[in-house]
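Report on the following structure.
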Amino acid sequence: MEVRERYYRTLDSTNNEAKKQAQTHCPEGTVISAGRQTAGRGRRGHDWETPQDEAVATSMILYPDIPPEHLPGLTLLAAVAVRRAISGLYGLEGQIKWPNDVVLKNKKICGILTEMSAKDGRARYVIVGIGVNVHNRVFPEELADKATSIDLELPEGKSGDCGALRRRIWEEFVPCYETFVREQSLEFVREEYERWLVNRDREVRVLDPAGPWEGIARGIGPGGELLVETKEGLRPVDSGEVSVRGLYGYV
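The numbering of the sequence shown is UniProt numbering, which starts it at 1 and goes up by one.
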């Protein structure tokens, strides 16, 4: 699959633009990127605005021939790709916070939002959106102790590069995606994902709409669900509208 990037100086949301272009049947692997987002969105409806040229804001258009129930796995693959890219370019060893964040030193550096349109039980298109803090040095007060950036974690005098990071992320993602579609399984990347899973073997609180509950995260299941150990045994948690937090903070 060839990656073709369409870059915009400003967009409301790269995911929104990608959805518009997916409806015109642009080629699979088309990437929509922006130097600034004015109305970006995160998981569960959270806002995510990108200052001009300070962060990666990028979305890929996909047409996977897989059942919709397998699609949450794409979020996990994107997290692996981002972690690999940051490590490869900058030597920073991030971890993955299930299901859709990458963290450095327990602070969020990346968020992922995967959206889909389905018809007759199959995905019409899928958008994988990725945002990474690169040059950001100041965050809103409510995020100051929960967020970081490439530049804040690099030694003084060194800096990240949004364009290079975007390219490396998709270079890492595409082979994973192609394997996933072919095998329709996450088994090929499961061990790596669990190795970098920041929640693993930690007490977590699952914020389920039916009521919160607690347990110890042990890894992921075959479909990418988080496996949480409770007194009753291992309990799978699907991403959906469920949020997972550490008992004593963000992770």
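Even for Gly, the Cβ is constructed at its ideal location relative to N, Cα and C. Please read all numbers here as calculations on a predicted model, not as lab measurements.
Are Val126 and Ile150 closer than 7 Å when you measure CB to CB?
no
What is the rounded straight-line gap between the Cα of Leu92 and the Cα of Lys231?
36 Å
Going along the chain, which unbroken runs of the alpha helix (DSSP H) with 4 or more residues stay wholly within the stretch 131 to 205?
Here the runs fully enclosed are 150 to 153, 162 to 183, 187 to 195.
Pair within 7 Å by beta-carbon distance, Ile86 and Ala22
no
Going by DSSP, which residues form a beta bridge with Pro51?
Pro51 is not bridged to any residue.
Rounded Cβ spacing between Gly223 and Pro72 (contact assumed at less than 8 Å):
Yes, they are in contact, since the Cβ atoms of Gly223 and Pro72 sit about 7 Å apart, within 8 Å.
Hey, could you find the ends of the alpha helix (DSSP H) Lys20 is sitting in?
14 to 22
Buried or exposed by the 16-neighbour rule on C-beta atoms within 10 Å, applied to Gly55
Gly is not the amino acid found at residue 55; the sequence shown has Ala there. Buried, because 16 or more other Cβ atoms sit within 10 Å of the Cβ of Ala55.
Does the Cβ of Leu76 have 16 or more other Cβ atoms within 10 Å, making it buried, or fewer, making it exposed?
buried
Length-filtered (3 minimum) beta strand (DSSP E) runs lying within the stretch 98 to 135:
Qualifying beta strand (DSSP E) stretches, in chain order: 101 to 104, 107 to 119, 122 to 133.
Sort out for me which residues DSSP pairs Ile220 with in a bridge.
Leu226
Closest to Arg218 by C-alpha separation, out of Pro209, Pro212, Leu234, would be which residue?
Leu234
The stretch 176 to 188 in contact with the stretch 145 to 163 per 3-pair CB rule at 8 Å
no
Please say whether Arg166 and Arg205 have beta carbons closer to each other than 7 Å?
no
At what residues does the beta strand (DSSP E) containing Val82 begin and finish?
Where Val82 is concerned, there is no enclosing beta strand (DSSP E), although the alpha helix (DSSP H) it sits in stretches over 72 to 90.
Span of the beta strand (DSSP E) holding Pro236?
233 to 237
Does the Cβ of Tyr7 have 16 or more other Cβ atoms within 10 Å, making it buried, or fewer, making it exposed?
exposed
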